[in-house]
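Novice: Residue numbers (this note's numbering): 10 to 397.
Just dropping this structure here.
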């Protein structure tokens, strides 16, 4: 009865986590990882419930169904982790599931002993947990998160427990899952695995929500088309860069860049072609600017560039480099590009009360002077005080 109670508790815990993830998948069906995690949790919980309810009886159908559900659930856990990290499902999962079904079925048909069957289940469980840990700990470009560390902790706990059980079974000292009724056995075989499964489930859900929050924060400051910082981000960065320049008496250049006759590209080739050109311009500007420079899309076909530690001479060199790159650009419609650029340079002798909007306004004025002078050029002025 103690074993069955523990099995029911584990089933209910997995059921609750699985239902939560199933609900998440319903509202975000494009995220296949939540579907696989929900299936993994539900299958694992059902499998444990069937095995413990069977109570060690020689019921081949229940034993096959319960243990296969546990292993298949482990496969879905692994697939979900792979999908979360934008990797495809591995065919190895199908091979693991099929191999277990055939081997366990053969054991039942041959009348294999309970320790022999437990050994097979433990082997496949260890294999799947090792796959989970490999996916969780392998190096990723994004920083490690609390949710990821929680999932790693849960998988590690389960792996250690099943490795211990595997060693005991190999040594002929392992008790069976279904015949353990002592308090210590129930704690080792049910309570600790339950903690591990809860840690994994909570960790996976946290990983999912951490990614959503990170994506939302990124989208709030990133232009979706070009991948550059958007207007909100560039204003914040500009204010910080200006404060730094004023504090340390360093030069700073702000540039506003506008694509000449961009409307004609949309009119002739359509907005999709125009979007592609804007994306190409974003890549071009990143390529032509230095690593410390900050390039952002200010709106429409306007871009803003911050050049820290850059005086007027260096700013004009940078502008000419960008203008040459634009002239050599060819779109998919074999159309060239030209830019008009306005620059405001904060140099020695500035007014320490200058604010970002004033500096940007001067750069914008220079942009319109460049357009009035015929486009495809840069106008640059030193910003020395509240006026120019």
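For glycine and all other residues, C-beta sits at the position ideal for the given N, C-alpha and C.
Relative to the alpha-carbon of residue 45, which residue among 39, 212, 279, 86 has its alpha-carbon at the smallest distance?
Specialist: For residue 45, the nearest C-alpha among the options comes from 86.
Novice: Taking the alpha helix (DSSP H) that residue 273 falls in, what are its first and last residues?
Specialist: It spans 271-278 - the alpha helix (DSSP H) in which residue 273 sits, taken as one unbroken run.
Novice: Count the CB pairs spanning the region 370-389 and the region 264-281 that are closer than 8 Å, and state whether there are at least three.
Specialist: Because the criterion of three Cβ pairs below 8 Å is met, the region 370-389 and the region 264-281 touch.
Novice: Give the DSSP-derived three-state secondary structure of residue 139 in the structure shown.
Specialist: It is helical.
Novice: Quick check: what's the CA-CA separation for residue 310 versus residue 280?
Specialist: Residue 310 and residue 280: Cα-Cα distance of roughly 12 Å.
Novice: State the beta-bridge partners of residue 386 as determined by DSSP.
Specialist: For residue 386, which the question treats as bridged, DSSP gives the partners 349.
Novice: Given 8 Å as the limit, is there contact between the region 345-357 and the region 315-335, that is, 3 or more CB pairs closer than that?
Specialist: At 8 Å Cβ cutoff, the stretches touch.
Novice: Below 8 Å, can you find three or more Cβ-Cβ pairs linking the region 241-252 to the region 269-289?
Specialist: Too few Cβ pairs lie closer than 8 Å, so no.
Novice: Does DSSP put residue 121 in a helix, a strand or coil?
Specialist: Residue 121 falls in the coil class under three-state DSSP.
Novice: Going by Cα to Cα distance, which pick from 253, 334, 333 is closest to residue 316?
Specialist: Checking every option, the nearest Cα to that of residue 316 belongs to 253.
Novice: Just reading off the alpha helix (DSSP H) that residue 325 is part of, what are its end residues?
Specialist: It spans 321-336 - the alpha helix (DSSP H) in which residue 325 sits, taken as one unbroken run.
Novice: Taking the alpha-carbon of residue 90 as reference, which of 81, 160, 131, 111 has the nearest alpha-carbon?
Specialist: Per the Cα distances, 160.
Novice: Whole angstroms is fine: what's the gap from residue 53's alpha carbon to residue 23's?
Specialist: When rounded, the distance between both Cα atoms is 7 Å.
Novice: May I ask you to report which of helix, strand or coil DSSP gives residue 302?
Specialist: Note: residue 302 maps to coil in three-state DSSP.
Novice: If you reduce the DSSP assignment to three classes, tell me which class residue 354 lands in.
Specialist: Strand.
Novice: State the CB to CB distance for the pair residue 145 and residue 157, rounded to an integer number of angstroms; the pair is presumed to be in contact (CB under 8 Å).
Specialist: That pair is a contact at about 6 Å.
Novice: Taking buried to mean at least 16 other C-beta atoms within 10 Å of its own C-beta, is residue 100 buried or exposed?
Specialist: Its Cβ having fewer than 16 others within 10 Å, residue 100 is exposed.
Novice: Does residue 104 pass the burial test, meaning 16 or more other C-beta atoms within 10 Å, or should it be called exposed?
Specialist: So residue 104 counts as exposed.
Novice: For a test of the three-state rule: what should DSSP assign to residue 144, helix, strand or coil?
Specialist: Helix, per DSSP.
Novice: So is residue 81 buried or exposed if we call it buried at 16+ other beta carbons inside 10 Å?
Specialist: Counting Cβ neighbours within 10 Å, residue 81 comes out buried, since at least 16 surround it.
Novice: Classify residue 75 as buried or exposed, calling it buried when 16 or more other Cβ atoms lie within 10 Å of its own Cβ.
Specialist: It counts as buried.
Novice: What does DSSP give as the partner residues of residue 313 in its beta bridges?
Specialist: Per DSSP, 265, 305.
Novice: What did DSSP end up calling residue 164 once you bin it into helix, strand or coil?
Specialist: Helix, per DSSP.
Novice: Residues in its own chain within less than 6 Å of residue 48 by CB, not counting five upstream and five downstream?
Specialist: Only 85 meet the Cβ criterion.
Novice: Suppose the cutoff is 7 Å on Cβ atoms and the five residues either side in sequence are ignored; what does the same chain contact list for residue 250 look like?
Specialist: Here the set comprises 261, 315, 317.
Novice: What is the rounded straight-line gap between the Cα of residue 296 and the Cα of residue 334?
Specialist: Using only the alpha carbons, I get a separation of about 10 Å.
Novice: Report the three-state DSSP secondary structure of residue 231 (helix, strand or coil).
Specialist: Here residue 231 sits in strand by DSSP.
Novice: Thinking just about the alpha-carbon of each residue, which of 151, 162, 154 is nearest to the one in residue 141?
Specialist: When only C-alpha atoms are compared, the closest one is 162.
Novice: Please classify residue 238: does DSSP put it in a helix, a strand, or coil?
Specialist: Reduced to three states, the DSSP call for residue 238 is strand.
Novice: Go through its chain and collect everything with a Cβ distance to residue 185's Cβ below 8 Å, but skip five positions before and after it.
Specialist: With a pLDDT of only 46 at residue 185, under 50, the local geometry of the prediction cannot be trusted, and no value is derived from it.
Novice: By DSSP's criteria, residue 407 is part of a beta bridge. Which residues make up the other side?
Specialist: With the chain running from 10 to 397 in the structure shown, residue 407 is simply not present.
Novice: Going straight from the alpha carbon of residue 367 to that of residue 93, what length do you get?
Specialist: So the alpha carbons of these two residues sit roughly 45 Å apart.
Novice: So, under 8 Å CB-CB, residue 391 and residue 354 are touching, yes? Tell me the CB distance rounded to an integer number of Å.
Specialist: With 8 Å as the limit, residue 391 and residue 354 qualify as a contact, their Cβ atoms being about 5 Å apart.
Novice: Need the endpoints of the alpha helix (DSSP H) that residue 43 sits in, please.
Specialist: That run of the alpha helix (DSSP H) goes 41-63.
Novice: Applying the 10 Å Cβ sphere with the 16-neighbour rule, what's the burial state of residue 143?
Specialist: So residue 143 ends up on the exposed side.
Novice: Could you tell me the alpha carbon to alpha carbon distance between residue 227 and residue 88, rounded to whole angstroms?
Specialist: Their Cα atoms are separated by approximately 27 Å.
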